[in-house]
Amino acid sequence: MTKLVTPEQPRTPADELRALLDRCEHRVSHLQGAGPQALELLRDLDRVAVLLTTLERKGMDVRPERARLETVEGQLRHQAARFVAEVGPRLVAERPRGGRWWWHLDEVVAQQRRRARRRLLKIGLAVIVLITVAAFLYQRFLAPPPELRAYLDWLDQGQMAFTQGKLEEAVQAFEEAARLQPKEYEPYLWLNLLYRRLGDEAAARRAFQEARRRLPDESWAYIYRGELFLGTGDLEAAAADAEAALALTPDRPEALYLAARVAALRGEVDRAIEMLRRTAELAAAQDNAQLEALARTEMAFLLQQLPLPTPTF
4 MTKLVTPEQP RTPADELRAL LDRCEHRVSH LQGAGPQALE LLRDLDRVAV LLTTLERKGM
64 DVRPERARLE TVEGQLRHQA ARFVAEVGPR LVAERPRGGR WWWHLDEVVA QQRRRARRRL
124 LKIGLAVIVL ITVAAFLYQR FLAPPPELRA YLDWLDQGQM AFTQGKLEEA VQAFEEAARL
184 QPKEYEPYLW LNLLYRRLGD EAAARRAFQE ARRRLPDESW AYIYRGELFL GTGDLEAAAA
244 DAEAALALTP DRPEALYLAA RVAALRGEVD RAIEMLRRTA ELAAAQDNAQ LEALARTEMA
304 FLLQQLPLPT PTF
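Following this note's numbering, the numbering of the sequence shown begins with 4 at its first residue and continues without gaps.
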């Protein structure tokens, strides 16, 4: 008859500490697919912390064990998003009062995502400014004449009024800008946005049609308007325009770049990285070094948000 052997239990607190660290190292390396069972890692870490403090007070040298704990903590921080996804709402439901930092990983992940969104929104606004300035510099190499300076002043006034919530005042400013430079599309995109906010759908459609008539094709109208929506915080409208632009011109890198940043803000990091990689490839093929650099920079930033690969043994 086969005799069942029960694994030997740790005989001392130091033995228990090392056994717990063995288990923590295994658990943190195998989070994928663990589900709510991954919460056992946090309970083990709680016990490890208590044992370390107790043994230190007794005069034991626990520097090697503390170094192992710090390594596990580092791995857990890098995989915070994966851990939160695995355990789901159980993390909040089972969080002890006054729990250590690892019981608050959901808050850590939320803070990381807020920082990423703020950074991407700032990049979006910078892109709008860059496109606008580059277009004017390209079309008007010499110093702008007085009527152009007045046009730019009205654009600035309109944007300032918008940021202050003075939508009617912003409408007046962009209408004046459109009057001064009737061939420019940008005032009409702003007017489209403003009329949408004001609930005047008919006026919004007319403004968008005017913008489309001033651009080479319909796809550019969706791209430029999508950039404007993204820069002003309307993520769903930007997503719709990105989809419309890609449907018309699936290989236009500017359309892919817009769609990639929308995906990133939605938390679809893997999809955003793939679209940014394709953007960089298309931009390089078209000798658009500026867009290629932007895409590769944002791709590098998003790659840092991914969890570390799970080691295999």
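The beta carbon of each residue, even a glycine, is placed where N, CA and C say it ideally should be.
Query, Result
"Stretch pair the segment 14 to 26 + the segment 39 to 54: three plus CB contacts closer than 8 angstroms", "yes"
"Residue interval of the alpha helix (DSSP H) (run including T3)", "Absent from the structure is residue 3, since the part of the chain shown begins at 4 and ends at 316."
"First and last residue of the uninterrupted alpha helix (DSSP H) at W157", "149 to 166"
"Closest residue to L155 among F165, A224, E187 (Cα-Cα distance)", "E187"
"I126 beta carbon less than 8 angstroms from that of E230", "no"
"R264 beta carbon less than 8 angstroms from that of L233", "yes"
"Exposure label - P256; buried when at least 16 CB within 10 Å", "buried"
"Cβ separation of A70 and L108, assumed to be a contact under 8 angstroms, to the nearest whole Å", "At roughly 22 angstroms, the Cβ-Cβ gap does not stay under 8 angstroms, so A70 and L108 are not in contact."
"Beta-carbon spacing of L1, A250 below 8 angstroms", "No answer is possible for residue 1: it lies beyond the span of the chain, which begins at 4 and ends at 316."
"Three-state secondary structure assigned by DSSP to R188", "The amino acid occupying residue 188 in the given sequence is Tyr; Arg does not appear at that position. Y188: coil per DSSP, three-state reduction."
"Reduced DSSP secondary structure (H/G/I, E/B, other) of E110", "helix"
"Secondary structure of S32, DSSP reduced to three states", "coil"
"Sequence-distant residues of the same chain with beta carbon closer than 8 angstroms to T235, five excluded per side", "F165, L196"
"Residue burial classification, A242 (beta-carbon count within 10 angstroms, cutoff 16)", "buried"
"Inter-stretch contact (C-beta, 8 angstroms, three-pair minimum) for the segment 56 to 68 and the segment 111 to 125", "no"
"Per-residue burial, M302 [other beta carbons within 10 Å of its own, 16 or more giving buried]", "buried"
"Among L58, Y191, A129, R93, nearest to L158 - alpha-carbon criterion", "Y191"
"Where V65 falls: helix, strand or coil (DSSP)", "coil"
"Within 8 angstroms, strictly: CB atoms of L319 and R85", "Nothing about residue 319 can be read from this structure; the chain reaches only from 4 to 316."
"Three-state secondary structure (DSSP) of K125", "helix"
"Limits of the unbroken alpha helix (DSSP H) element including D49", "42 to 60"
"DSSP three-state assignment for L23, whether helix, strand or coil", "helix"
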